[in-house]
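Colleague: Residues 7 to 659 (this note's numbering) are what the sequence shown spells out, left to right. This is the structure I want to talk about, given as structure tokens.
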Amino acid sequence: NVYYGFKTDAKYAETHFNIDVEYYDTFEHAKAGGTEGIDPLGKFVRVHYLSNCHNNATAVDWRFRPMWWFGVPAGLKDPQDIQFKRIEKLTKNGEEQVKPAGSSQYITTDANGYGVVSDKHFNSPKEWTNISNYYFSDENILASKGWKQLMGLGTKDNKGYDNAGNTAQQWEEYQKQTQGLKGIFVDWESAGQRWYDMTYVSEMEDNAWKERDTNPLRFAAGVYRFAGNWHYAVGQKHNTPKIADYLKLAYPEVTKVKKTNALSEAEQKAIKEKIEKANENTKYFKELVADNGVVVNKDGSATITFKDKTTRTIPASLLVAQDESDSDRYKPVMPDRIPVVKPDSLSDDDKKAVIDAFKKANPDSSEFSKHLAKDNAIAFDKDGKNLVVTYEDGSKATIPASELVFQGPKISDWAPYVVPDPIEVGNLSSLTTEEQKQVTDAFDKANADLDVYNAAKKDGKTPVSFDKDFKNAIITWADGSTTEIPSWQFLKQKAAEENPTPKPPAPTPAAEKEFIVEAPATQTRVKFDPFNMKEADLTTNSQALDANKKALMKVKGKDSKDNSDVTITDVSYSVKDGKGYITFKADGYKDATYPMSVFFKQTANTQTSQTPSTETKTYNDPDNQKITFKYNVTKTETEGDTPTVQEAVKALK
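Rendered as structure tokens:
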């Protein structure tokens, strides 16, 4: 996925947008969803968008009527069976009954206080038309003025990016690859704390279905708000599954030939006809095999070429035989191919999985297995490129690994990563050892919160390396797959030394510098409600507020730009619109104001003081009745249902 944010970083898009695509054999199965009818080579597609939805099913509160949009990629026919749900924050607490605005029915909210307030069905995009919904399509949507306005791209009013997260370059790369969108659904909602669940079903165009190598599906979704000119989007290039990986071939009976390594034209033609005959009822064979795609080679093998230019090779050992050796008489049952990370370089675990699958398809009771050699009958050759079957009579059958494995999903296909800010170096094509470590340390720090990145570290060492001439940084993931990152994204040429001594840079005006204050791990308990305050509360509770000033001045302040430490010099309190606020001051910085509720929490009014009581208890050893002793227990009052660490320590004294 490519995540994008205009004038901001892409973290919101990464955590609040999700695109899922599933392929089915029939329209009805795609419409129903679920697992029935799932077919990687199916023509029918079910697309599922989630927008403004965090992984815990909560939403960000958007103001000023944002536009939520959902793309239909080129290569799909017009969408059908469109479902659109709006799930809104309705209650402060979860699992409560509430009547949504405009509804006559009560609903029960979920554990987070959210409920479905709108669930609409549209048969086609033509029905997606009202005051806040519209659908537009154009052969060149990505080049259109309306699309650029949604994305914040290329207009005279949007002249640049702040490069946070390098998201501008990320979206440029997506645009460079994309063939465009067929259409865009737009939902212009009112403000609110909501998330959106949209699905539609469509059928792939023939060229996208058959020639999938040159016609991948590309999905996109996002949000645009006029106020503040906020743009977020996620783009996904979806390469449909390769035909060769999923089309299951049927093998004809073995053909006897004069020379297994030098077939005549007549023998080649006869075997080709047998292959086509054996697969006349094979699903998708006629539709997805290329014209003249079945070729029998002189060495007895056959190459099947599909319309997406992927190929399968049937080994000669499964098609031809010269005499009546065991390898000719007893052919194995070919297991389903298994996915691996590197089909051209199988790991020991891959080889074991292949052999296990082969043995499972050919149990000991089969005629094939009864005629195998006693020792090392099924094993890979020394290069790991072929599975060699050795029979009881010494004859062998060689099966290419490509007939037993296919390219499976890799961590590099989906793993997110963060590119650090550019680092100045003396020579872009020849980094010193110190500069290399500076870059790898920056990558490690930028990705410290990503579990998939940390899992890639072996013995605690960085997973980042460099290629020749330092053109790319390479992240090697836990499964051995790699991601290359062009060096222009994280390196820049160090400026030449100025002579004479360069002038110091002009100081940044104090009014332009800002800082942030980190929220405390626990909130301080107070006797007033920070969410419901009056000016008089500042005077009534001045003693408690003043006592907390020193503690508040010790909280961590960070420069908003370079994350350096900022010393807080003073704290003040205020009330606005019924809510309490705390203003932090630091020399040379703008004041930073935060809701008082971030740092203070009202003490529960229902608690009553209890007088500690002491009880005497007796302990008898169950294994030895002679061992007995008495001890006193004094109950300790706690503020909440669960004791804090300090309360637990007090109870032990």
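Heads up, the beta-carbon is just placed ideally off N, CA and C, and yes, glycines get one too.
Sorted by chain position, which residues of the same chain lie with C-beta nearer than 8 Å to threonine 614's C-beta, five sequence neighbours on each side aside?
Modeller: The predicted model places threonine 614 with a pLDDT of 40, which falls under 50 and marks its position as unreliable, so this point remains unresolved.
Colleague: Cα separation between tyrosine 595 and glycine 228?
Modeller: 35 Å
Colleague: Which value, in whole angstroms, describes the spacing of the CA atoms of valine 78 and serine 208?
Modeller: 9 Å
Colleague: Would you kindly report the start and end of the unbroken alpha helix (DSSP H) that includes arginine 224?
Modeller: That residue, arginine 224, is in no alpha helix (DSSP H); its beta strand (DSSP E) goes 223 to 231.
Colleague: Entirely within the segment 389 to 423 and at least 4 residues each: give me those alpha helix (DSSP H) ranges in chain order.
Modeller: 417 to 420
Colleague: Secondary structure at methionine 340, three-state DSSP: helix, strand or coil?
Modeller: coil
Colleague: If contact is defined by three or more beta carbon pairs under 8 Å, each pair taking one atom from either stretch, is the segment 205 to 224 in contact with the segment 106 to 119?
Modeller: no
Colleague: Suppose you measure from the CA of isoleucine 384 to the CA of proline 406; what does that come to, to the nearest Å?
Modeller: 13 Å
Colleague: Using only CA atoms, which one of Glu330, Phe291, Pro247 and Asp356 lies nearest to valine 263?
Modeller: Glu330
Colleague: For the beta strand (DSSP E) containing lysine 95, list its first residue and its last residue.
Modeller: 86 to 95
Colleague: What number of angstroms, rounded off, separates the C-alpha of glutamate 94 from the C-alpha of tyrosine 600?
Modeller: 26 Å
Colleague: Which residue marks the beginning of the alpha helix (DSSP H) containing alanine 359, and which one marks its end?
Modeller: 354 to 367
Colleague: Start and end of the alpha helix (DSSP H) containing arginine 335?
Modeller: 332 to 335
Colleague: Which value, in whole angstroms, describes the spacing of the CA atoms of tryptophan 68 and alanine 461?
Modeller: Between tryptophan 68 and alanine 461, the C-alpha separation is close to 35 Å.
Colleague: Quickly, what does DSSP pair proline 345 with across the bridge? List them, please.
Modeller: Residue pairing from DSSP places proline 345 in a beta bridge opposite Phe412.
Colleague: How would you write the range of the alpha helix (DSSP H) that leucine 187 sits in, first residue to last?
Modeller: In the DSSP assignment, leucine 187 falls outside any alpha helix (DSSP H) and within the unbroken beta strand (DSSP E) covering 187 to 194.
Colleague: Need the endpoints of the beta strand (DSSP E) that glutamine 199 sits in, please.
Modeller: 198 to 209
Colleague: Have a look at the DSSP bridge pairing and note the partners of arginine 318.
Modeller: Ile310
Colleague: Does the separation of the CB atoms of leucine 47 and proline 247 fall below 8 Å?
Modeller: yes
Colleague: Bridge partners of serine 124, per DSSP?
Modeller: Residue pairing by DSSP puts serine 124 in a beta bridge opposite Arg92.
Colleague: Reducing DSSP to helix, strand and coil, say where alanine 516 ends up.
Modeller: Bear in mind that a pLDDT of 46 at alanine 516, under 50, signals an unreliable position, so the number given afterwards is only what the model happens to contain. Helix.
Colleague: If you run the structure through DSSP and keep just helix, strand and coil, what is tryptophan 68?
Modeller: In the structure shown, tryptophan 68 adopts extended strand secondary structure according to DSSP, grouped into three states.
Colleague: Mind the definition here: the segment 32 to 45 touches the segment 190 to 209 only if three or more C-beta pairs lie below 8 Å; say whether that holds.
Modeller: yes
Colleague: In this structure, does DSSP put tyrosine 55 in helix, strand or coil?
Modeller: strand
Colleague: For lysine 262, verify whether its CB is less than 7 Å away from any heavy atom of the ligand ADP.
Modeller: The ligand ADP is absent from the structure shown, which contains no ligands of any kind.
Colleague: If phenylalanine 472 sits next to isoleucine 480, beta carbons under 8 Å apart, how far is it from one beta carbon to the other, in whole angstroms?
Modeller: 7 Å
Colleague: Go ahead and label proline 536 buried or exposed: buried means 16 or more other beta carbons lie within 10 angstroms of its beta carbon, across all protein chains shown.
Modeller: buried
Colleague: Determine the DSSP secondary structure at aspartate 251, reduced to helix, strand or coil.
Modeller: helix
Colleague: By DSSP, does asparagine 99 sit in helix, in strand, or in coil?
Modeller: coil
Colleague: Could you tell me which residues DSSP pairs with proline 79 in its beta bridges?
Modeller: Leu187
Colleague: In its own chain, which residues sit with a C-beta less than 8 Å from the C-beta of serine 130, not counting the 5 before and 5 after it?
Modeller: For serine 130, the CB contacts under 8 Å within the same chain, skipping 5 residues up- and downstream, are Asp84, Pro85, Gln86 and Ile88 in chain order.
Colleague: Under the three-state reduction of DSSP, which class applies to alanine 63: helix, strand or coil?
Modeller: coil
Colleague: Could you please give me the residues that DSSP links to glycine 594 through a beta bridge?
Modeller: Per DSSP, none; premise fails for glycine 594.
Colleague: How many Å lie between asparagine 136 and phenylalanine 412 at the Cα?
Modeller: 48 Å
Colleague: Indicate whether glutamine 328 and valine 425 have their beta-carbon atoms separated by less than 8 Å.
Modeller: no
Colleague: Check this for me: beta carbons of valine 532 and asparagine 547, under 8 Å apart or not?
Modeller: Their beta carbons are under 8 Å apart, which means valine 532 touches asparagine 547 by this criterion.
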